[in-house]
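Peer 1:
Numbering (UniProt numbering), first residue to last: 1 to 536.
#1: For residue 38 versus residue 49, is the C-beta spacing smaller than 9 angstroms?
#2: Around the C-beta of residue 390, are 16 or more other C-beta atoms found within 10 angstroms, so that it is buried, or is it exposed?
#3: Under 7 angstroms Cβ to Cβ from residue 492, same chain only, skipping five residues before and after it: list those, please.
#4: Have a look at residue 541 and residue 18 and give me their C-alpha separation to the nearest angstrom.
#5: Just the Cα atoms here: how many angstroms apart are residue 6 and residue 55?
#6: Once you ignore the five residues that flank residue 528 on each side, which residues in its own chain have a CB closer than 8 angstroms to its CB?
#7: How long is the line joining the alpha carbons of residue 513 and residue 505, rounded to whole angstroms?
#8: Is DSSP giving residue 107 helix, strand or coil here?
#9: Which residue's Cα is closest to the Cα of residue 508: 525, 304 and 73?
#10: How about residue 198 and residue 175: do their beta carbons lie closer than 9 angstroms?
#11: I'd like the list of long-range same chain contacts for residue 325, defined as Cβ closer than 6 angstroms, with 5 residues on each side in sequence excluded.
#12: Applying the 10 Å Cβ sphere with the 16-neighbour rule, what's the burial state of residue 521?
#13: Suppose the cutoff is 6 angstroms on Cβ atoms and the five residues either side in sequence are ignored; what does the same chain contact list for residue 112 look like?
#14: Does DSSP put residue 489 in a helix, in a strand, or in coil?
#15: Does the beta-carbon of residue 178 have 16 or more other beta-carbons within 10 angstroms, so that it is buried, or is it exposed?
#16: Are at least three pairs of beta-carbons, each pair with one atom in the segment 65 to 76 and one in the segment 39 to 47, less than 8 angstroms apart?
#17: Where are the alpha helix (DSSP H) runs, 4 residues long or more, that stay fully inside the segment 170 to 250, in chain order?
#18: In the structure shown, what three-state DSSP assignment does residue 522 receive?
#19: Could you check the C-alpha separation between residue 420 and residue 262 for me, to the nearest Å?
#20: Tell me whether residue 85 sits in a helix, a strand or coil according to DSSP, three-state version.
#21: Can you check which of these residues, 519, 515 and 26, is closest to residue 271 by C-alpha distance?
#22: Does DSSP put residue 529 in a helix, a strand or coil?
#23: So residue 97 and residue 119 are in contact, right, with Cβ under 8 angstroms, and what is the actual spacing, rounded?
#24: Near residue 468, which residues of its chain fall below 6 angstroms by C-beta distance, leaving aside the five closest residues on each side in sequence?
#25: Apart from the five residues just before and just after residue 401, which ones in its own chain have a Cβ nearer than 7 angstroms to its Cβ?
#26: Shortest alpha-carbon distance to residue 323 belongs to which of 354, 358 and 302?
#27: In or out: residue 15 buried (at least 16 other Cβ within 10 Å) or exposed?
#28: With a 10 Å radius around its C-beta and 16 neighbouring C-beta atoms as the bar for buried, classify residue 327 as buried or exposed.
#29: Can you tell me which of the three DSSP states residue 147 falls into?
#30: Taking 8 angstroms as the cut-off, does the segment 216 to 230 touch the segment 239 to 251 (at least 3 CB pairs, one atom from each stretch)?
#31: What is the rounded straight-line gap between the Cα of residue 338 and the Cα of residue 306?
#32: To the nearest angstrom, report how far apart residue 181 and residue 94 are at their CA atoms.
#33: May I have the straight-line CA-CA distance separating residue 30 from residue 167, to the nearest angstrom?
#34: Please report the residue range of the alpha helix (DSSP H) in which residue 370 lies.
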């Protein structure tokens with residue numbers, strides 16, 4: 001029966017032991033360039049030493065030079081099978097090949113096959129850490145294949161096997177489980193708990209010295225804090241992660257793509273309405289991706305679609321609706337038909353529906369209600385069609401339907417608007433509690449339901465929902481201009497005290513002037529119209 005191990009001791013009669021020890025130390029310190037140099041010295045004397053080749057593959061994967069890791073693994077396996085090398089070392093190299101395929105090509109099926117081969121064929125795995133590592137890698141392959149439930153199950157098994165002693169591998173298991181729970185299952189509370197466990201363990205292992213795994217942990221925590229509505233905390237972690245990445249790039253020659261970090265920092269500024277800064281980050285990220293070889297650009301379809309959508313939203317926030325529409329359309333252009341190749345199932349349908357929703361809202365701002373309805377209907381139909389996808393957000397569906405109800409009511413399609421409004425109200429009950437912490441999105445839903453109710457002459461109901469929108473928005477920012485304006489609009493319709501209405505509009509004006517530095521903005525013009533209406 002074969003034995004698999006990643007942790008066997010270094011033995012051999014002809015390689016340079018000092019260089020080997022140096023390489024292991026450098027690898028432990030995440031000084032990857034130095035580790036490559038040391039392991040290469042060992043291989044000068046023993047070019048087919050499987051253990052050294054395995055360590056070298058690990059380092060190249062950490063440096064995002066996975067093509068090299070794949071080539072080394074394949075060559076080593078081929079040599080070993082021809083020369084009757086110990087089977088345990090062949091299994092070790094197959095594990096490395098699986099890892100390289102995970103991170104290089106996204107070939108999750110091949111990686112899944114390789115890891116199953118190690119776990120399912122009566123292979124003896126004497127070391128708990130090795131067993132946990134294989135379970136962890138198998139979980140990652142399932143995550144890449146879109147099977148979040150299997151990924152969660154295997155990550156929990158990996159943690160159960162390894163728990164008890166701090167290790168970088170256990171930290172990865174915490175990290176991956178937290179990410180899957182937060183991102184795929186929208187279980188932000190438990191996702192945050194596991195990500196914080198991973199970060200604390202990594203600080204215990206590595207101290208406060210900047211390194212790749214802490215940088216990644218901060219990046220993922222930023223996402224979760226955004227989901228929880230704590231924008232400032234998310235922004236802080238996103239910036240810390242990016243600054244750490246730049247530092248590592250200088251000292252360690254790690255070839256890491258910065259565009260995801262640029263996107264999340266831009267997103268942080270977008271969420272805090274610092275639109276000029278957001279636009280700069282999104283443009284920089286887009287420029288980096290468009291500068292890549294044209295044959296590789298299709299691999300970045302998802303990221304480019306996200307970046308153009310976020311750039312469009314930044315322009316939307318700043319009042320430049322034409323620029324917003326231009327970038328939303330570019331985002332759609334990157335939603336290529338081969339979504340199964342470059343997008344996860346959830347990512348493709350959710351992102352496309354969100355872009356169509358944003359286009360619809362932009363047309364509402366321009367008073368082009370027919371165009372708005374067309375895009376919002378496409379968004380709603382897409383979400384209805386794929387409602388069986390378990391990761392599809394109930395929150396997004398309600399957003400599309402409530403926006404459609406609003407637009408139909410504004411255009412005069414009152415019977416259909418009433419149908420969609422009723423549907424929106426019913427679907428509010430389907431939003432899980434953990435998604436209701438997405439305060440900004442919930443506020444927008446309440447606002448849209450309020451607007452549709454007002455046009456349908458349900459003024460009391462409109463007032464309730466606009467007040468809910470305002471209360472929800474205050475959970476994040478203290479105040480929200482859109483809610484203040486719409487609440488004032490309803491108060492005008494209900495002939496509320498002019499002083500109360502003026503107070504809300506004055507607050508909104510101050511916020512808009514601060515955000516846009518005194519420049520003109522469509523919302524400011526609309527506030528002037530409301531104020532003049534008060535005086536008549």
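Heads up, the beta-carbon is just placed ideally off N, CA and C, and yes, glycines get one too.
Peer 2: A quick look at the data gives this:
#1: Numbered from 1 along the chain shown, position 38 holds the residue referred to as residue 38. Numbered from 1 along the chain shown, position 49 holds the residue referred to as residue 49. Not in contact: residue 38 and residue 49 (Cβ atoms no closer than 9 angstroms).
#2: If you number the chain shown from 1, residue 390 lands on position 390. Residue placement at residue 390 is poorly supported in this model, since its pLDDT is 41, which falls under 50; the coordinates still yield a value, given next. So residue 390 ends up on the exposed side.
#3: Taking the chain shown and counting its residues from 1, one reaches residue 492 at position 492. If we look at residue 492 and ignore the five residues flanking it on each side, its Cβ neighbours are 501, 530, 533 and 534.
#4: There is no way to answer for residue 541, as the model of the chain reaches only from 1 to 536.
#5: As a working mapping, residue 6 is identified with position 6 in the chain shown. As a working mapping, residue 55 is identified with position 55 in the chain shown. In this prediction, residue 6 scores a pLDDT of 45, lower than 50, which makes its location untrustworthy; no coordinate-derived value is stated.
#6: Along the chain shown, read from residue 1 onward, the residue named residue 528 stands at position 528. Excluding positions up to five away in sequence, the list is empty.
#7: Taking the first residue of the chain shown as 1, we reach residue 513 at position 513. Taking the first residue of the chain shown as 1, we reach residue 505 at position 505. When rounded, the distance between both Cα atoms is 12 angstroms.
#8: For this step, residue 107 is matched to residue 107 along the chain shown. Correct three-state label for residue 107: coil.
#9: Position 508 of the chain shown holds residue 508. Per the Cα distances, 525.
#10: Looking up residue 198 in the chain shown gives position 198. Looking up residue 175 in the chain shown gives position 175. Yes.
#11: Position 325 of the chain shown, counted from the first residue, corresponds to residue 325. Same-chain partners within the cutoff: 362.
#12: Here residue 521 refers to the residue found at position 521 of the chain shown. Buried, by the Cβ-count rule.
#13: Translated into the one-based positions of the chain shown, residue 112 becomes position 112. If we look at residue 112 and ignore the five residues flanking it on each side, its Cβ neighbours are 141.
#14: Residue 489 sits at position 489 when you count from the first residue of the chain shown. Here residue 489 sits in helix by DSSP.
#15: Translated into positions along the chain shown, residue 178 becomes position 178. It counts as buried.
#16: no
#17: 188 to 206 and 212 to 227
#18: Sequence index remark: in the chain shown, residue 522 carries index 522 (1-based). Three-state result, residue 522: helix.
#19: Numbered from its first residue, the chain shown carries residue 420 at position 420. Numbered from its first residue, the chain shown carries residue 262 at position 262. Distance between the alpha carbons of residue 420 and residue 262: 38 angstroms.
#20: Here residue 85 corresponds to residue number 85 of the chain shown, with the count starting at 1. Residue 85: coil per DSSP, three-state reduction.
#21: Here residue 271 corresponds to residue number 271 of the chain shown, with the count starting at 1. That would be 515, whose Cα lies nearest to the Cα of residue 271.
#22: As a position in the chain shown, residue 529 is number 529, starting the count at 1. Looking at residue 529 - three-state DSSP - the assignment turns out to be helix.
#23: In the chain shown, counting from the first residue as 1, residue 97 sits at position 97. In the chain shown, counting from the first residue as 1, residue 119 sits at position 119. Residue 97 to residue 119, Cβ: 15 angstroms. No contact.
#24: In the chain shown, residue 468 corresponds to position 468, counting from 1. 446, listed in sequence order.
#25: The sequence position of residue 401 within the chain shown is 401, counting from 1. Correct list, in chain order: 380, 420, 423, 424 and 427.
#26: Stepping through the chain shown from its first residue, residue 323 is reached at position 323. Answer by Cα proximity: 358.
#27: For the purposes of this step, residue 15 is identified with residue 15 of the chain shown, where counting begins at 1. Residue confidence is low: residue 15 scores 41 on pLDDT, short of 50, so the model does not pin down where it sits. No coordinate-derived value is stated.
#28: The residue labelled residue 327 in the question sits at position 327 within the chain shown. Buried, since its Cβ has 16 or more Cβ neighbours within 10 Å.
#29: Residue mapping note: residue 147 aligns to position 147 of the chain shown, counting from 1. Residue state, collapsed to three classes: coil.
#30: yes
#31: Along the chain shown, read from residue 1 onward, the residue named residue 338 stands at position 338. Along the chain shown, read from residue 1 onward, the residue named residue 306 stands at position 306. Below a pLDDT of 50, predicted positions are generally treated as unreliable, and residue 338, at 47, falls in that range; no measurement from the model is reported.
#32: For the purposes of this step, residue 181 is taken as residue 181 along the chain shown, with counting starting at 1. For the purposes of this step, residue 94 is taken as residue 94 along the chain shown, with counting starting at 1. Answer to the nearest angstrom: the Cα atoms are 29 angstroms apart.
#33: What you label residue 30 is simply residue 30 of the chain shown in a count that begins at 1. What you label residue 167 is simply residue 167 of the chain shown in a count that begins at 1. Taking the straight line from one Cα to the other gives about 14 angstroms.
#34: Sequence index remark: in the chain shown, residue 370 carries index 370 (1-based). Where residue 370 is concerned, the enclosing alpha helix (DSSP H) stretches over 369 to 385.
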